[in-house]
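Written out below as structure tokens is the structure these notes cover.
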Amino acid sequence: MTTKPPLSAWAKEVAQFAAQASLRNQLPKLFHCAPARNGISITTPLIADDGTLIQVFMEPSDPGVRLTDYGETLGQLELRHPHLASNPNYPAAVAEIIKGLSLENNDGCIELASPDPEELAGDVIRLAQGILQLSSLGQLIPHQRE
Amino acid sequence: MDQHPTDMNNQEPTVPAAQATLEQQLPALFKYHPSQHGVCITTPLKYADGSQVDVWLVKDQFGLKLTDHGFALRWLELQEAWHHTRASKRQQLFQDLDFCLGILLQKGQLELRPQPEGIAAGVMQVAQGIMYVSSLYYSLEKKKDGNGQPVPSPSITAVYDRIET
């Protein structure tokens, strides 16, 4: 049986560096809010397969607020990859991603209804991850053979 | 006092309040703990099985490096259907990692060398790369059980158990 050696000095140096100097200061600057439509757009650092930064939108709802993509994810996906419509794996993959992240699909809009204000950042990242995974399906699901 | 995008009276969200809320909450979503070779950063992003994505910050003779220690690919290799995917298709998918995210696949590990001022962005890039690799799971034909339901994917913890970090 092998035992792990103790942390080396440089590992502790890196730990200290990471914890104190950079990440906690840098992370919030990667997310930008701006006015948009009926509420606010939040631009995340996650990159869609077309090279754009993924955005989620927040608007007032009853009660609280609602996070949504305004239907852009599936709309753009099906427009750019029309082969998906005829692939039986596509609806199953969409449903699996949405279920896996506890999101909702309301008439093609990927949403999180009434997110807890205490967990807004986590909900924004969760929705952004869903948008990211859905938008990559065009590349991942192949054209069906004739 | 904490700022929230809306107050208890359901006022409309404002940009400054939303930004302040995000800035306050975001750092707490990332957890840090020392590992044998550096720091393990647990991100809020998730694998297909619901496990949180970990990124390691390590230092070698060339400087700082962000890596997944090979977990993403090992996890994918646990999916039986992955072994039926053509090698050329695999190669093409991994080239997208470099082209789109600037992440290199070195000996089965995702790697990125960040500048000190770009570590947070690098962590998000590598985490996204890990997610991308794990998203390949959705392109696979799932093995079905006796009732025709997809067999759940092996957990990432099954990979953790096999690799010492």
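Quick mapping for you: the protein sequence lines, in order, are chains A and B.
Read in order, the letters of the first sequence correspond to residues 1 to 146 in our numbering.
Read in order, the letters of the second sequence correspond to residues 1001 to 1165 in our numbering.
Ideal Cβ positions, reconstructed from N, Cα and C, are used throughout, including at glycine.
Proximity of chain A to residue 1136/B at the Cβ level (cut-off 7 angstroms) is accounted for by 140, in chain order. Within 10 angstroms of the beta-carbon of residue 1035/B lie 16 or more other beta-carbons, which makes it buried. With a threshold of 8 angstroms between beta carbons, residue 1062/B makes no contact with chain A. Membership of residue 60/A in any alpha helix (DSSP H) is not indicated; the residue belongs instead to the beta strand (DSSP E) covering 53-60. Check the Cα spacing between residue 1046/B and each of 137/A, 126/A and 61/A: the tightest is with 126/A. Proximity of residue 76/A to chain B, defined by a Cβ-Cβ separation below 8 angstroms, is not satisfied. Among the residues of the region 46-73 of chain A, those with a Cβ less than 8 angstroms away from any Cβ of chain B are 46, 47, 49, 51, 58, 59, 60, 62, 63, 64 and 65, in the order of the chain. When only Cα atoms are considered, residue 72/A and residue 38/A end up about 16 angstroms apart.
Excluding residues up to 5 positions away in sequence, 1057, 1058, 1113, 1114, 1116 and 1119 lie with their Cβ nearer than 8 angstroms to the Cβ of residue 1064/B in the same chain. Residue 1121/B is not a Cβ neighbour of residue 28/A, given a cutoff of 8 angstroms.
Relative to the Cα of residue 1127/B, the nearest Cα in the group 1029/B, 1049/B and 1054/B belongs to 1054/B. Here residue 34/A has 41 as same chain residues with Cβ atoms under 6 angstroms from its own Cβ, once five neighbours each way along the sequence are excluded. Note on residue 111/A: 16 or more other CB atoms within 10 angstroms of its CB, so buried under the neighbour-count rule.
Within the model, the alpha-carbon separation for residue 1077/B versus residue 31/A is close to 33 angstroms. Chain-ordered, the chain B residues with CB closer than 8 angstroms to the CB of residue 35/A read 1015. Per DSSP, residue 108/A is not a residue of any beta strand (DSSP E), being assigned neither H nor E. Taken in chain order, the complete beta strand (DSSP E) segments of 3 residues or longer contained in the region 1030-1073 of chain B are 1031-1035, 1038-1046, 1052-1060 and 1063-1067. No Cβ of chain A is located within less than 8 angstroms of the beta carbon of residue 1042/B. Distance between residue 1103/B and residue 1060/B, taken at the CA atoms: about 17 angstroms.
In the DSSP assignment, residue 42/A forms a beta bridge with 33/A and 56/A.
With the rule of 3 Cβ pairs closer than 8 angstroms, the region 1010-1025 of chain B does not count as touching the region 96-109 of chain A. In the assembly as shown, residue 1086/B is an exposed residue. Its beta-carbon has fewer than 16 other beta-carbons within 10 Å. For residue 66/A, the uninterrupted beta strand (DSSP E) segment begins and ends at 65-68. Within its own chain, no residue has a Cβ closer than 7 angstroms to the Cβ of residue 95/A once the five positions on either side in sequence are excluded. Boundaries of the beta strand (DSSP E) around residue 1110/B: 1109-1112.
The CB of residue 96/A comes closer than 7 angstroms to the CB of 1138 in chain B, given here in chain order.
Measuring C-alpha to C-alpha distances from residue 1130/B to each of 1052/B, 1107/B and 1091/B identifies 1052/B as the nearest.
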